[in-house]
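Below: one structure, written as structure tokens.
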Amino acid sequence: MTDIDPTEHPRSGPALGRLALRAAGATVAAVLVGVAIGIGYVQVRYDDPAPVTAAPPAPRTSPTPPTPTATPFGAKSNGSHFGSLRDLLLPATGDYGLGPDDGSYGNDTELTGEKLKAGLDDDLVPVPKAQQDKLRQYWDSLHVRAIGVRTYKNRLNNLVVGIKLHQFNQQEVQKINEYTAVFTGDTGLFRTGPVLPGHPEAHCYLMPAPPAAPIDRMECSAAEGDLLVVLNAEGPAPLPKDTIVTLLTQQLDRLARPGASV
């Protein structure tokens, strides 16, 4: 079987967001979304927790009632999510394990807004100086909190799926998702993808491909509160679209307000 590398094609979720914004005439937003919320930043890796050394048994005491613990992650009724994006991402369990690295992101990563902003100046170098202040102002208005990335590979080793959660201003999340839907639906460059029952905010589209291409690619975008969800899938043609739709549905259900906790 041919090795699958879902990072090779140029029309990734952030790139599509950039193109969609340009198509809508929002040039400043286009450049910033493509540059600042895009690919290629220093990543924050999360190591496995250190093993815990067993302590000697404590003396017997009267049982105490359990202490209530805070919900580790979830969604508020206003659509704002809390907790680690790695917790909000769909776990790699059951028929799926962690997939290959998604470029410099790795395969299970969360990047904080501070880390993203730290790289902003370097990525604005190609931008005309007259526009750089506007781009920084737009960045500040986004209130970017984090990006979470996880990739999945099925047990048959013939499907790779990547999911990214971009967390920033809810109004801009909605706009970018709408722009992407318009761009991928109206330009004629993309093939129409499947719909997600119960999730009208989600839309899927297949990448341009020559007839009888051995590998096919599909991407999906959805807005859930302050999270822009971008899924990309790659595998031998024809793709198992129902399987991909199921994964995305499970991810969106996990994020659904008012509670996405386990």
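Take -9 as the starting number for the sequence shown in this note's numbering and just add one per residue. All C-beta atoms, glycine included, are put in the ideal place defined by N, C-alpha and C. Computed from a predicted model, the values in this text were never measured in an experiment.
Buried or exposed, going by whether 16 or more other CB atoms sit within 10 Å of the CB of LEU174?
The sequence given here has Thr at residue 174, not Leu. Under this definition THR174 is a buried residue.
Distance, Cα to Cα, CYS194 vs LEU242?
In this structure, the straight-line span from the alpha carbon of CYS194 to that of LEU242 is close to 14 Å.
Considering only residues of the same chain and omitting the five flanking positions on each side of ASN159, which have a CB-CB separation below 6 Å?
Within the same chain, Cβ atoms closer than 6 Å to the Cβ of ASN159 are found at LEU132 and HIS133, the five residues on either side in sequence being excluded.
Under 8 Å between the Cβ atoms of ASN222 and GLU214?
No; because the gap between Cβ atoms is not below 8 Å, this pair is not in contact.
Rounded to the nearest angstrom, what separates ASP206 and LEU155 at their Cα positions?
Answer to the nearest angstrom: the Cα atoms are 23 Å apart.
Would you call the CB atoms of PRO184 and LYS231 closer than 8 Å?
Yes, the Cβ-Cβ distance between PRO184 and LYS231 is below 8 Å.
State the Cα-Cα distance for the pair ASP91 and GLY178, rounded to the nearest angstrom.
Approximately 31 Å between the Cα atoms of the pair.
Output yes or no for whether 8 Å exceeds the beta carbon distance between ALA82 and ARG140.
Yes. Within cutoff.
How would you label GLY84, buried or exposed, when you count the other beta carbons within 10 angstroms and need 16 or more for buried?
It counts as exposed.
Kindly indicate which three-state DSSP category VAL150 falls into: helix, strand or coil?
In the three-state DSSP reduction, VAL150 falls in the strand class (E or B).
Specify the secondary structure class of LEU221 as computed by DSSP and reduced to three states.
Reduced to three states, the DSSP call for LEU221 is strand.
Compute the distance between the beta-carbons of LEU217 and VAL163, then report whether it is under 8 Å.
Going by C-beta atoms, LEU217 is nearer than 8 Å to VAL163.
Please say whether ALA136 and GLU100 have beta carbons closer to each other than 8 Å?
Their beta carbons are under 8 Å apart, which means GLU100 touches ALA136 by this criterion.
Look at the alpha carbon of LYS124 and the alpha carbon of LEU196, and state the distance between them as a whole number of angstroms.
If I take the Cα positions, the gap works out to 33 Å.
Who are the Cβ neighbours of GLN122 in its own chain at under 6 Å, not counting the five residues just before and after it?
Cβ-Cβ distances below 6 Å link GLN122 to LEU114 in the same chain, with the five nearest sequence neighbours on each side left out; the list follows chain order.
Under a three-way DSSP split, which group does THR233 fall into?
In the structure shown, THR233 sits in a helix (DSSP, three-state: H, G or I).
Within this structure, are the beta carbons of ARG181 and LEU78 separated by less than 8 Å?
It is not a contact, given that the beta carbons lie outside the stated cut-off.
Going by DSSP in three states, ASN167 sits in which element: helix, strand or coil?
Looking at ASN167 - three-state DSSP - the assignment turns out to be helix.
SER94 (DSSP reduced to helix, strand or coil):
In the displayed model, SER94 falls within a helix according to three-state DSSP.
Specify, as a first and last residue, the run of the beta strand (DSSP E) that ARG76 falls within.
Boundaries for ARG76: no beta strand (DSSP E) harbours it, while the alpha helix (DSSP H) harbouring it runs 75 to 78, taken from the DSSP string.
When we look at the beta-carbon of GLN240 and count the other beta-carbons within 10 Å, is it buried (16 or more) or exposed?
Exposed, since its Cβ has fewer than 16 Cβ neighbours within 10 Å.
Own chain residues within Cβ distance below 7 Å of PRO226, not counting five before or after
Only residues of its own chain outside the window of five on either side were considered, and among them ASN148, PRO204 and ILE205 have a CB closer than 7 Å to the CB of PRO226, listed in chain order.
For SER131, the three-state DSSP class (helix, strand or coil):
Looking at SER131 - three-state DSSP - the assignment turns out to be helix.
Looking only at its chain, what residues have a beta carbon closer than 7 Å to the beta carbon of SER74, apart from the 5 residues adjacent to it on each side?
Within the same chain, PHE63 and GLU100 come within 7 Å of SER74 by CB-CB distance, once the 5 residues on both sides are set aside.
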